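Participant: The sequence shown maps to residues -5 to 368 in my numbering.
Below is the structure I would like to discuss, written out as C-alpha cells.
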Amino acid sequence: MKQELPLAGIRVFEFGGSIAGPFASWILAELGAEVTKIERPEGDDARAWGPPFWKGSSTMFHAINRNKDPISLDLKDPEVVADLHRQISEKADVVVQNLRSGALAKLGLSAESLMAENPRLIYCNLWAFGAKGPMKDRPGYDALMQAFGGIMSVTGEEGRPPVRAGISVLDMGTGMWCAIGILAALYRRNFTGKGGLIDASLFETALTWMTSHASDYQVTGDRPVRLGTGIRSIVPYQAYQCADDYLIIAALNNRLFMRLAEALGHPEWAEDERFSTSPARGGRRDELNALIEGVVGGAPRAVWQEKLDAAGVPNAPIQSIDEILAHPQLEALGMLQDTGEPDMKLLGLPLSFDGERPPLRNVCAPLESKEEVS
C-alpha cells in the first residue's frame, strides 16, 4: 500500500538558494508537498559548492533538494514573471523565499501583492537579521551569524581560536523554524480559510539556541566560557581521552555518578563532599575531569564502553562519518535511501509516520531552462 504523505496536495514555490530556504522547503517536500524550486538561469549557488559533485551538482545541493522539481527562470523577463505571478496566485499554498531583501518585491512578487490575490497563501520570509530593525536589509550567511549571534563565543575550547559548528546549524535550524511556522499556518488555515505571513531569521534562531546562556548571564553577570565537548553546570558530561580514542561519558545526576565511580574503581568519589552533589561537581569541573581522565586513559575505549554499559552509565564514542554510515543502527532505521545509483544513497527525513519513513520520490534533476511554470 502506497504511503499517503501528510502534505500531499500542497503546492509550494521556493525562491531560495544556499541552505536555509531550501532546507525549509526540503522538509515540506519530504512530507509530501509538491515543491517547485525556482532558480536563476545559472542555478542555485549551492549547485557549485564542490567538489565533490554528483550528477552535475554538488553533493551538498543534492542532500537538501531531493523530492523537488527544479526550474530555471529568467526573472528579468516581465512575461516570465507575469506567468509566475499568475501561477502562484491561482495554485500556490506556500511561498518560501530567502533572497536578498526587496528582490521579490521589485518583481511584484511580494507577500502583500500575492496574498492580496490569493488570501489562502502562506508566505514565508527567511532573513539574515530579521524583518525589522536597523539591520533588516543586511545580508548574512551561517558562519557570519554564528559569530554575530554568539554561537562561536561558546563553541570550542577556552584560550583557543573561535570555532564554527561543523554543520550549518543556523541555516538548517532556521529552515526548521520556517517549516514549523508553515505547518502551524496550514493548520490555522483549516479553520480560518486564510493564509498568512511568516518571518524567521538566522539571528533569531541563534538567539533561541543561546537562550540558556542569556538567562545565566542575566543572573550572574558572568560571560559564558568555551567548554569544548562539555556543558556548563553538568559534570561529568564530555569527551574523555581513553588509551586509543575519545569517549563521551554522561553522568548527569547523583545516581549515575555513583555508578560511574564504581565502574571506574573509585566508589569513594560518590561520597567525597567535593563531588557528592551536582553543584559540587560543577564547581570542581577541572579537578574531577582530571581524575576521570587519569583512570580511563589507562585502557582502550572499548573496555570502558563495556564497563559503562554494564553499569548503566550513558556513553558514546565520537564516530566519524564512515563509522556512522556503516552502523547497524542506521541500517535498522532505514535512514539511508536508494537513489537508484550504486554510488549514492541520501539521508531521509528524521520522522516516520505509522512506522514508515517518507520515501525518496526523486533526485533533484539537472537544471533546465524554461519560460513558464507548468
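Here a beta-carbon is modelled for each residue, glycine too, at the ideal position from N, C-alpha and C.
If you're wondering where the values come from, they're calculated on a predicted model, not measured in any experiment.
With DSSP as the reference, identify every bridge partner of ILE228, one or two as the case may be.
Facilitator: As a position in the sequence shown, residue 228 is number 234, starting the count at 1. In the DSSP output, where bridge partners are listed per residue, ILE228 has ILE225.
Participant: With 16 other CB atoms within 10 Å as the buried threshold, where does GLU8 fall?
Facilitator: For the purposes of this step, residue 8 is identified with residue 14 of the sequence shown, where counting begins at 1. By the neighbour-count rule (16 or more Cβ atoms within 10 Å), GLU8 is buried.
Participant: Please confirm whether ARG22 and PRO352 have their CB atoms less than 8 Å apart.
Facilitator: Mapped onto the sequence shown, residue 22 falls at position 28. Mapped onto the sequence shown, residue 352 falls at position 358. A quick correction: the sequence has Leu, not Arg, at residue 22. Not closer than 8 Å, so no.
Participant: Would you grab the beta carbon distance between ALA233 and ILE286 for me? Rounded to a whole angstrom, and I think it's under 8 Å.
Facilitator: Counting from one through the sequence shown, the residue named residue 233 turns up at place 239. Counting from one through the sequence shown, the residue named residue 286 turns up at place 292. Not a contact, Cβ separation roughly 11 Å.
Participant: Comparing C-alpha positions only, which one of GLY334, GLY328, SER52 sits nearest to GLY349?
Facilitator: Position 355 of the sequence shown holds residue 349. Comparing Cα positions, the closest option is GLY328.
Participant: Would you say LEU108 and ILE145 are within 8 Å of each other, going by their C-beta atoms?
Facilitator: Position 114 of the sequence shown, counted from the start, is the residue given in the question as residue 108. Position 151 of the sequence shown, counted from the start, is the residue given in the question as residue 145. Taking 8 Å as the Cβ cut-off, LEU108 and ILE145 do not qualify as a contacting pair.
Participant: Mapping DSSP to helix, strand and coil, what is TYR211?
Facilitator: Sequence index remark: in the sequence shown, residue 211 carries index 217 (1-based). Correct three-state label for TYR211: helix.
Participant: When you compare each of THR30, GLU106, ALA14, GLN323 to PRO133 by their alpha carbons, which one comes out closest?
Facilitator: Within the sequence shown, numbered from 1, the residue matching residue 133 stands at position 139. Nearest option by C-alpha distance: ALA14.
Participant: Is there contact here, the stretch 174 to 184 with the stretch 92 to 106, by at least three beta-carbon pairs under 8 Å?
Facilitator: The answer is no - the stretch 92 to 106 does not touch the stretch 174 to 184, with fewer than three Cβ pairs under 8 Å.
Participant: Any idea what DSSP makes of TYR181, helix, strand or coil?
Facilitator: By one-based count along the sequence shown, residue 181 stands at place 187. Correct three-state label for TYR181: helix.
Participant: Which one of LEU221, TYR240, VAL290 has the shortest CA to CA distance from LEU254?
Facilitator: Position 260 of the sequence shown, counting from 1, holds the residue named residue 254. Nearest option by C-alpha distance: VAL290.
Participant: What three-state label does DSSP hand CYS172 in the structure shown?
Facilitator: For this step, residue 172 is matched to residue 178 along the sequence shown. Three-state DSSP puts CYS172 in a helix.
Participant: Got a sec, what are the start and stop residues for the alpha helix (DSSP H) GLY190 sits in?
Facilitator: By 1-based counting over the sequence shown, the position of residue 190 is 196. From DSSP, GLY190 is part of no alpha helix (DSSP H) but of the beta strand (DSSP E) over 190 to 195.
Participant: Run through the stretch 7 to 69 for me and flag every whole alpha helix (DSSP H) of 4 or more residues, listed as ranges in chain order.
Facilitator: Counting only runs of 4 or more, we get 14 to 24, 53 to 59.
Participant: Taking the alpha helix (DSSP H) that ASN248 falls in, what are its first and last residues?
Facilitator: For the purposes of this step, residue 248 is taken as residue 254 along the sequence shown, with counting starting at 1. That run of the alpha helix (DSSP H) goes 248 to 257.
Participant: Check each candidate in PHE197, SER209, THR149 and name the one with the smallest Cα separation from GLY169.
Facilitator: Locating residue 169 in the sequence shown gives position 175, counting from the first residue. If we check each option's Cα against that of GLY169, PHE197 comes out closest.
Participant: Given that a residue counts as buried once 16 or more other Cβ atoms are within 10 Å of its Cβ, and exposed if not, what is VAL213?
Facilitator: Mapped onto the sequence shown, residue 213 falls at position 219. So VAL213 ends up on the exposed side.
Participant: Distance check for LEU246 and MET(-5), CA to CA, integer angstroms please.
Facilitator: Locating residue -5 in the sequence shown gives position 1, where the first residue counts as 1. Locating residue 246 in the sequence shown gives position 252, where the first residue counts as 1. With a pLDDT of 42 at MET(-5), under the threshold of 50, the modelled position of that residue is not reliable, and the figure given next carries that caveat. MET(-5) and LEU246: Cα-Cα distance of roughly 44 Å.
Participant: Beta carbon of SER12, beta carbon of ALA40: below 8 Å?
Facilitator: In the sequence shown, residue 12 corresponds to position 18, counting from 1. In the sequence shown, residue 40 corresponds to position 46, counting from 1. Yes, the pair counts as a contact, with Cβ atoms nearer than the cut-off.
Participant: Quick one: residues in its chain with C-beta nearer than 7 Å to the C-beta of PRO294, no 5 flanking neighbours on either side, listed in chain order?
Facilitator: In the sequence shown, residue 294 corresponds to position 300, counting from 1. Here the set comprises CYS236, ALA237, ASP238.
Participant: Which word fits SER209, buried or exposed, when buried means at least 16 other C-beta atoms lie within 10 angstroms of its C-beta?
Facilitator: To locate residue 209, count along the sequence shown from 1; it is residue 215. Classification for SER209: exposed.
Participant: Is DSSP giving PHE142 helix, strand or coil here?
Facilitator: As a position in the sequence shown, residue 142 is number 148, starting the count at 1. Three-state result, PHE142: helix.
Participant: Compare the C-alpha of LEU223 against each of MET204, ALA244, HIS207, SER206 and name the closest.
Facilitator: For the purposes of this step, residue 223 is taken as the residue at position 229 of the sequence shown. Note that residue 223 corresponds to Thr in the displayed sequence, not to Leu. If we check each option's Cα against that of THR223, ALA244 comes out closest.
Participant: Alpha carbon to alpha carbon, how far is VAL74 from GLU317?
Facilitator: Position 80 of the sequence shown, counted from the start, is the residue given in the question as residue 74. Position 323 of the sequence shown, counted from the start, is the residue given in the question as residue 317. VAL74 and GLU317: Cα-Cα distance of roughly 48 Å.
Participant: Which class does GLU350 belong to by DSSP, given the choice of helix, strand or coil?
Facilitator: What you label residue 350 is simply residue 356 of the sequence shown in a count that begins at 1. The answer is strand: DSSP assigns GLU350 an E or B state.
Participant: Are there 16 or more other CB atoms within 10 angstroms of the CB of VAL357, so buried, or fewer, so exposed?
Facilitator: Start at 1 with the first residue of the sequence shown, and residue 357 comes out as number 363. Label assigned to VAL357: buried.
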